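Single-structure report; data block below.
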Amino acid sequence: MVQRWLPEPFIFAVLLTFVAAILAMPICHQTPIEVIEHWGGGVWGLLSFAMQMALVLVSGSALAAAPPVKKGIRALASLPKTPAAAIAIVTAVSAIACWLNWGFGLIVGVIFAKEIARKVQGVDYRLLIASAYSGFVVWHAGLSGSIPLTMATPGDSLAKATNGVLTSPVPVTQTILDPHNIIMVLLIIVAITVVNTLMHPKKDVFVVDPALLNEETTAPAAPAEKTPAQRMEYSHVIAWMISLLGLSYLFIHLFIRHSGFDLGAVIMLFLFLGLILHGTPLAYVRAFGASARGAAGIILQFPFYAGIMGIITGVGASGVCLGTVLSDACISASTPTTYPLLTFLCAAILNMFVPSGGGHWAIQAPIMFSAGQTLNVDPGLTGIAIAWGDAWTNLIQPFWALPALAIAKLDARDIMGFCLIDLLVTGIIISAGLVIWAL
């Protein structure tokens, strides 16, 4: 079904643009001109984030191409001996890595899966990459979850974003590290590991084209006699000096200033470790250039999703936006027990149009926390319900799969059929977990 009906991710983004625009006019009583202005005004709203995503893809791929890293990945990829074991270890490793840090896990999981495809005969390559991506479902309930971390950060912006409901931070012990959340994460990791393994076809296995696994970079051979410029290009000293500068800043940022290990820190780690491990500036430039070819989908599609976000959050003369209407609809049918579940489902629907944790926070925080306070729902539970909703439908939203697909050299339709099954299984676990948490 997915192979037949799911279009290329860019077409999917265009179709979502039309759906959002058509819904905004009658539901929010906005004119076509207002909708067009909201869309055009939002197009450039994700430029900074798009650059971060492109860099995490390219720098992560370049790091994986470094000879010492390739050697280590190959050693780990030699552990599974059967297709079932390959699927299981890729799923578990990816999920754990994504829980620790989503940017790190998203890239490392797919690189690991690609290396396993070279080692294990008879493993379905599409399912292998889908398994690596499926681990991404736990990211927002993990240590790099943007909404729980925002809730735990003191400052006036927290009260402003929640309409004065949260005047003091909500510690991560009430969100990410709450026992209910930890149990949900563990159950999901076990469930998708088992389900992905069971989905491996008994026949008609998708055997990867060897061309997809070919290495695209080779270390440049140094000329026998170097010019002054070439001596700098092949200088290990220059590579180490600039890398030491970057890693020193990262150490200060993390361990002295106690700032979070955010996406910027992941990129810096990838950048400077990659430069060190490639050995010379020229080797790293070539590896980086080869990796940059995979970033085309991100560069093209992010402006369109930013435009969709502009439509969803745009307020016209009527005084309401589409995101607010959707959130209000969930609230109107809620009780204290069902509120977290409906908040989760509302966030899941919204995520199809606004696949961004920051976008969810801007749209839902002012509404959901106020309603949660009225219903006497713990704010930590409200926040984690939004976070789970944001992460859940990423399984069928091609937006976040773009970096993984670029590395794997597959289309979204190759993996989304498997991810749809994971969506159903994880949805049951999350829904049940939120209801039990609310009791």
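Just so you know, the sequence shown maps onto residues -18 to 420 in my numbering.
Note that the Cβ used here is the ideal one computed from N, Cα and C, for glycine as well.
In this text the structure is predicted, and so the values were computed from the model without any measurement.
In the DSSP annotation of this structure, M180 is not part of any alpha helix (DSSP H), being labelled neither H nor E.
Going by DSSP, F285 is part of the alpha helix (DSSP H) stretching over 277 to 294.
The count of Cβ pairs closer than 8 Å, one atom from the stretch -7 to 1 and one from the stretch 287 to 297, reaches three, so the stretches are in contact. Between T72 and G116, the CB-CB gap stays under 8 Å.
Looking at the backbone, the Cα of V186 and that of L179 are separated by about 13 Å. Around I77, the same chain offers G86, G116, I170 as residues with beta carbons nearer than 8 Å, after the five sequence neighbours per side are excluded. By alpha-carbon distance to H239, the top candidate from I92, T134, R267, W80 is T134.
For F269, the uninterrupted alpha helix (DSSP H) segment begins and ends at 262 to 272. For T363, the three-state secondary structure derived from DSSP is helix. Relative to the Cα of F399, the nearest Cα in the group G370, V175, D359, D243 belongs to V175.
For Y320, the closest of P336, V306, L307, M349 by C-alpha to C-alpha distance is M349.
Uninterrupted alpha helix (DSSP H) stretches at least 4 residues long and entirely within the stretch 112 to 166 occur at 127 to 132, 137 to 142, given in chain order.
DSSP places L420 in the coil class of the three-state scheme, outside both helix and strand. Looking only at G353, V(-17), F(-7), W342, the smallest Cα-Cα distance to S313 is reached by G353.
By the criterion of a C-beta distance shorter than 8 Å, T316 is surrounded in its chain by L356, once the five residues flanking it on both sides are discounted.
Between A94 and V189, the C-beta spacing is not below 8 Å. Distance from the CA atom of L362 to the CA atom of I157, rounded to whole angstroms, is 10 Å. Per DSSP, D309 is one residue of the alpha helix (DSSP H) stretching across 303 to 313. Approximately 7 Å separates the beta-carbon atoms of S308 and I344; this is inside 8 Å, confirming the contact.
When the beta-carbon positions are compared, I388 and V91 come within less than 8 Å of each other. The straight-line gap separating the alpha-carbon atoms of G123 and P209 is approximately 49 Å. In this structure, the straight-line span from the alpha carbon of I70 to that of G22 is close to 44 Å. Along the length of the stretch 353 to 399, whole alpha helix (DSSP H) runs at least 4 residues long occupy 360 to 373, 379 to 389, reported in chain order.
Contact between the stretch 38 to 47 and the stretch 244 to 254 is present: three or more C-beta pairs spanning the two stretches fall below 8 Å. Within its own chain, no residue has a Cβ closer than 8 Å to the Cβ of A413 once the five positions on either side in sequence are excluded. Scanning G370, V296, T143, A1 for the CA closest to the CA of W120 turns up G370. In the displayed model, W25 falls within coil according to three-state DSSP, outside both helix and strand. An exposed status is given to M(-18), since fewer than 16 other beta-carbon atoms sit within 10 Å of its beta-carbon. F334 sits in a helix when the DSSP states are folded into three classes.
Less than 8 Å divides the Cβ of A35 from the Cβ of I279. Each of G136, N177, G275 was checked against the Cα of S75, and the nearest Cα belongs to N177.
In the structure shown, F187 adopts coil according to DSSP, grouped into three states. Between the stretch 376 to 383 and the stretch 266 to 284, the count of Cβ pairs shorter than 8 Å is three or higher; the stretches touch.
Within the same chain, and ignoring the five residues on either side of V335 in sequence, the residues whose Cβ sits closer than 6 Å to its Cβ are M290, I293. Of the other Cβ atoms in all chains shown, 16 or more fall within 10 Å of the Cβ of G26; this residue is therefore buried. The residue from L60, I17, A56, A111 with its alpha-carbon nearest to that of D395 is A111.
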